Each structure stands twice: as C-alpha cells, then as structure tokens.
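If you read the sequences in order, they're chains A and B. Taking my numbering, I'd label the letters of the first sequence as residues 1 to 210. Taking my numbering, I'd label the letters of the second sequence as residues 211 to 420. Since the structure comes first, as structure tokens, the remarks are kept for the end.
There are 2 protein chains.
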Amino acid sequence: MSDVQVLAKRPSARELILDAALRIVREQGYSATSVDDLCRAAGVTKGAFFHHFKSKEDLAVAAAKHWTQTTEAKFARAPYHQHADALDRVMAYLDFRRGLIRGEPATFSCYAGTVVQETYQTNPLIRDACFDCVEAHAQSLEADLAEAIATHGVSETAESLALHIQAVLQGAFILSKAKNDRQIAIDSIDHLRRYFEMLFNTPNREEIPS
Amino acid sequence: MSDVQVLAKRPSARELILDAALRIVREQGYSATSVDDLCRAAGVTKGAFFHHFKSKEDLAVAAAKHWTQTTEAKFARAPYHQHADALDRVMAYLDFRRGLIRGEPATFSCYAGTVVQETYQTNPLIRDACFDCVEAHAQSLEADLAEAIATHGVSETAESLALHIQAVLQGAFILSKAKNDRQIAIDSIDHLRRYFEMLFNTPNREEIPS
DNA sequence: GACAACATACCAACCGGTTGGTAGTTCCCC
DNA sequence: GGGGAACTACCAACCGGTTGGTATGTTGTC
C-alpha cells in the first residue's frame, strides 16, 4: 500500500462523472453537454464513461437519481425541521429555499428542471426520472403541509401546495437565468411566502373556515 | 403576370424558418435542434437558411423577436382587455392564461423560457433576447396592475407582480412537461389566482393598508 | 487467473457553416 | 423602352470538426 490510509478515498470514476454532470449540465444544458465535456470535467477517459454508463441517456437518468440523493441529504440536515409547529416548518422551508439563492444560477438551479425541458418529448426515460426528482422532493414536504392545513383549516391539498412551491421555484430559476440576476428569483419566492402567509393566517377568510 | 393576384402570398423562407423554429425548438430544445432539422421542418434548403441568418445563434435571437411579435399580437386581441375595472382585467388575464393550457406542452409553453435554460451561460446574446421577450410581456401587464394596486391599496409593485406571474407560468410549464400532464400547470395557475384574490381583496390585511 | 475498473484508438454519422452557382427582380442610363 | 449591371432569394454539394459509441487493450485486486 503506497498511499496513506485516509478516510477520504479517491472517488470512483462513476461518482466523478455524476458530480460533473450535475454541475456542467446545469451550466450548459443537456444536449449541449457532450460526453467528452463530461469526461474532461470529471477527469476521466471516455472508456471509463462507457464502462459505467451504457449511453449518454443512461447517464442522464443516473444523474437524476444522484441529484435526488444529494438534495435529499442536503434538505434532511437543513434547520427548518427543528420547529415544533408544522406551519413554522413550512415557512422556514421557504426561507431556507430563499437563502439558497446565492452565487451563479447554475449552482442554485435544479438539474431536473433544466434537463426535462430538453428531453420531455424526445426521451421519456429521462423525463420520468426528472419528474421523480421533483415529485420526491415535493412529497418530502407533504407531511408538514398536511399538518398545517389541518390545523389552520385550509382547503388546499398538501400535494397541490407542495407541487406549486416547486413550480414557483422552477420559474424563479428561469427568470434568474434570463435576467442574469438572482434578486428576481428571490422576489418570486417572497411572493410565494406571502401567498402562504395569507393562506394560513386565515384572517377570517370570508367567514368560511370550512 | 402569370399568377392570380391573391392576398395570401407564399411566405418567404425566412418566415417559414422562424415559424418552424418556434415549433421545433419548443419540442426538442435549442441545442438538440439542428439547422438541418429546421430546414426540413420549414421545407427550405440550408442555403436559404444561411442566406437569411448568419448563424444558428442569429436565428435563435431572431426567433425570440418573432416570438415576442406573435405573442404580442395574440394577447392584444385577447378578450381580457374589455373589462372596465383594472383588477377585473388582471384576473381575466390569469383566466385567459389558464385557458391557453391546452394540447401538448410544446404548443402552450414558452420559446424564451425553453431556450434561455440552455443558453444563459454560454450565449449572452440569446439570453438577453429571451429576457426581452419575457420582460416585454410582463410590462404589458403593468398598467392594469398599477391601477389595481392603487385602487386596492396593495403594497407590491406592478413590476414585481408582473414578473412573478411569468415565473409561475414558466414553472408551471416545466412541471407539465415533466409530468406529461397539463393539469399540474393549471393547478399552479389556480394557486397564483388565489394569491391575487387574497392580495387584492384586502380582507383587513393586518389593519395596515399602507 | 478472473473480473472489475479503467485507458487508448478508432469509427461512421452528424454538426454548423461555406462554396459556387442559378433564377428572378430592380434600377438606371441611354 | 431596351439592355445590362447589381441585387435578392434561394439551391445542391461539399467541408473539416465533433458527436455518441465501440473494439481492444492494460492494470490493479481479490
């Protein structure tokens, strides 16, 4: 054994490629990213790429699952879960998402949202993998939303609200990319927050608390 | 003069290409659409393409402007302008947008939103052209929004609300594409409508009408 | 020595773009 | 009003580079 035994072992080519894919595809888009681009960015050869993935499409699907895993871990250890009240957790989640809008759009935008626009009609496998990403994350919010809905007598469903949050975020990312300005995304998230404040504060919503 | 003098003259290659671009690029994405694809769809040759556009990038920018023009015309003759009250016009606009969610995502989604995701970092010319599209349409709503804001004592700006509408729509399109289901987009627009209802009905919003 | 994990070299198809050309129209000078 | 130069609109064939993918090694490990 020539190397020192360190805990941070050199990541495999597969992991290097997947991490590179999440980064470059969010920068350039899926179609514009060539297999050579990915290999160069990951520091591996084309042989390694096609050893681990049987096609570029296969990589895109695997990267979607990888995206789900990394984001799942990120949100699992986020502080918004700490609040005792369900609605507090929901609002803290929105604030957490707001706080993530930092740096370049490529770093805070969504892999699935980027890829699905280019593939939804030509590649159902990738499209479904991308929807699974978004849906899985939305579902992770449903428990808190359902509890807040029950407590505050709101007539929306947890599923619908969770998906609407994702829609606003995706749209906010697009506007940020188009204007090359992150503030425009933050503004939309603020509008979303205000929607939730009004929806859940229920300031005698036409006297019909359902 | 050998031909009959008809009003509907054969569209030029340039127009055929631009129309084809709006259609195919929304289906396949910008990078995945080759110049040959465009020529085939438009029924013209590559020579004609490069006679009218100096590059594929040039076509993308021209198509963005073409998109602005066609949508401008479409919304100019939409019925939501008829209402006497400004807030009624705003709400009717949202309902109009809701009603446009028909058929395939490629037919109701936005050229600019699709293209900008693939080009925002690699091609500033295209990115700016796409933002101009979105901004121009958002600005067309600002007069009605400003009037409704003034009448109802709302503390948001017309610009911010107009852009938020566009963000929600863009996000709704993405979710529709991902789920391959237009209802998910309609649901988000319904949430947006509810936000506007609550924002403008001002049911003693914490007693601070600004 | 078997097998996974890579690396090297290569391929046909396709990519955006260029070429040299033609048909028709417009313009201008006589 | 006739002729020709200049111009626009378009076309088919072609070009070098890049594409996703493959075939065939080589290397390290159990």
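The beta-carbon is built from N, C-alpha and C at its ideal position, and this holds for glycine as well. It should be emphasised that the depicted structure is a prediction, and the values quoted were computed from it without experimental measurement.
Test: residue i CB closer than 9 Å to a CB of chain A
{"i": "G313 (chain B)", "result": "no"}
{"i": "Y405 (chain B)", "result": "yes"}
{"i": "A267 (chain B)", "result": "Residue identity check: residue 267 (chain B) is Glu in the sequence provided, not Ala. Not closer than 9 Å to any Cβ of chain A, the Cβ of E267 (chain B) fails to qualify, so no."}
{"i": "L304 (chain B)", "result": "no"}
{"i": "Y240 (chain B)", "result": "yes"}
{"i": "A273 (chain B)", "result": "no"}
{"i": "Q292 (chain B)", "result": "no"}
Residue i, buried or exposed, once every other Cβ within 10 Å from all chains shown has been counted against 16
{"i": "A143 (chain A)", "result": "exposed"}
{"i": "P105 (chain A)", "result": "buried"}
{"i": "H137 (chain A)", "result": "buried"}
{"i": "A294 (chain B)", "result": "exposed"}
{"i": "A270 (chain B)", "result": "buried"}
{"i": "G113 (chain A)", "result": "buried"}
{"i": "L335 (chain B)", "result": "exposed"}
{"i": "H81 (chain A)", "result": "exposed"}
{"i": "V4 (chain A)", "result": "Per-residue confidence for V4 (chain A) stands at a pLDDT of 35, beneath the threshold of 50, marking its modelled position as unreliable; the derived number appears in the next sentence. V4 (chain A) is exposed by the Cβ-count criterion."}
{"i": "E398 (chain B)", "result": "In the sequence on display, residue 398 (chain B) carries Ser and not Glu. Looking at its Cβ environment, which holds 16 or more other Cβ atoms inside 10 Å, S398 (chain B) is buried."}
{"i": "A395 (chain B)", "result": "buried"}
{"i": "N333 (chain B)", "result": "buried"}
{"i": "A218 (chain B)", "result": "Because the pLDDT of A218 (chain B) is 47, which lies under 50, any placement of that residue in the model is unreliable, and the number read from its coordinates should be weighed accordingly. The residue is exposed, with fewer than 16 neighbouring Cβ atoms inside 10 Å."}
Neighbour flag for residue i against chain B, beta carbons, 9 Å
{"i": "D216 (chain A)", "result": "Because chain A is modelled from 1 through 210, residue 216 (chain A) falls outside the range shown and cannot be assessed."}
{"i": "M91 (chain A)", "result": "no"}
{"i": "I149 (chain A)", "result": "no"}
{"i": "L169 (chain A)", "result": "yes"}
{"i": "G99 (chain A)", "result": "no"}
{"i": "E72 (chain A)", "result": "no"}
{"i": "E27 (chain A)", "result": "yes"}
{"i": "C130 (chain A)", "result": "yes"}
{"i": "T122 (chain A)", "result": "yes"}
{"i": "H191 (chain A)", "result": "yes"}
{"i": "H152 (chain A)", "result": "no"}
{"i": "I208 (chain A)", "result": "At I208 (chain A), the pLDDT of 34 sits below 50, so the modelled position is not reliable and the matter cannot be decided from this model."}
{"i": "L199 (chain A)", "result": "yes"}
{"i": "E156 (chain A)", "result": "yes"}
Assigned secondary structure, residue i (DSSP; H/G/I helix, E/B strand, else coil)
{"i": "A32 (chain A)", "result": "coil"}
{"i": "F131 (chain A)", "result": "helix"}
{"i": "P11 (chain A)", "result": "coil"}
{"i": "L385 (chain B)", "result": "helix"}
{"i": "V6 (chain A)", "result": "Any reading at V6 (chain A) needs caution, since the residue's pLDDT is 39, under 50, leaving its predicted position unreliable; the model's value is listed next. V6 (chain A): coil per DSSP, three-state reduction."}
{"i": "I165 (chain A)", "result": "helix"}
{"i": "G103 (chain A)", "result": "coil"}
{"i": "F263 (chain B)", "result": "coil"}
{"i": "C110 (chain A)", "result": "coil"}
{"i": "T367 (chain B)", "result": "coil"}
{"i": "S210 (chain A)", "result": "In this predicted model, S210 (chain A) has a pLDDT of only 36, less than 50, meaning its place in the structure is not dependable; the value taken from the coordinates is given anyway. It is coil, neither helix nor strand."}
{"i": "L90 (chain A)", "result": "According to the sequence as given, residue 90 (chain A) is Val; it is not Leu. Helix at V90 (chain A)."}
{"i": "T119 (chain A)", "result": "helix"}
{"i": "D95 (chain A)", "result": "helix"}
{"i": "G253 (chain B)", "result": "coil"}
{"i": "A231 (chain B)", "result": "helix"}
{"i": "D37 (chain A)", "result": "helix"}
{"i": "H291 (chain B)", "result": "helix"}
Within chain B, partners of residue i - CB distance below 9 Å
{"i": "R23 (chain A)", "result": "Result: empty, since nearest Cβ-Cβ is about 12 Å, beyond 9 Å."}
Residues that residue i contacts on chain A, provided the C-beta gap is smaller than 9 Å
{"i": "Q349 (chain B)", "result": "Going along chain A, no residue has its Cβ under 9 Å from Q349 (chain B), so there is no contact; the nearest lies around 13 Å."}
{"i": "V428 (chain B)", "result": "In the structure displayed, chain B extends from 211 to 420; residue 428 (chain B) sits before or after that span and is not available."}
N- and C-terminal bounds of the alpha helix (DSSP H) containing residue i
{"i": "T278 (chain B)", "result": "K266 to A286"}
{"i": "A395 (chain B)", "result": "Q393 to N411"}
Neighbour list for residue i in chain B, Cβ cutoff strictly below 7 Å
{"i": "G113 (chain A)", "result": "I384"}
Chain B residues whose Cβ lies nearer than 8 Å to that of residue i
{"i": "R127 (chain A)", "result": "K387, A388 and N390"}
{"i": "L163 (chain A)", "result": "L385, I394, D397 and S398"}
{"i": "A86 (chain A)", "result": "By Cβ distance, chain B contributes nothing, its closest Cβ being about 19 Å from A86 (chain A), past 8 Å."}
{"i": "A106 (chain A)", "result": "Q331"}
Contacts of residue i in chain A (Cβ-Cβ under 8 Å)
{"i": "V326 (chain B)", "result": "I174, K177 and A178"}
{"i": "S436 (chain B)", "result": "Since the first residue of chain B shown is 211 and the last is 420, residue 436 (chain B) is not available in this structure."}
Partners in chain A for residue i, counting only beta-carbon separations shorter than 7 Å
{"i": "V279 (chain B)", "result": "Per the sequence shown, residue 279 (chain B) should be read as Gln rather than Val. Under the 7 Å cutoff, chain A gives no residues; its nearest Cβ is about 18 Å from Q279 (chain B)."}
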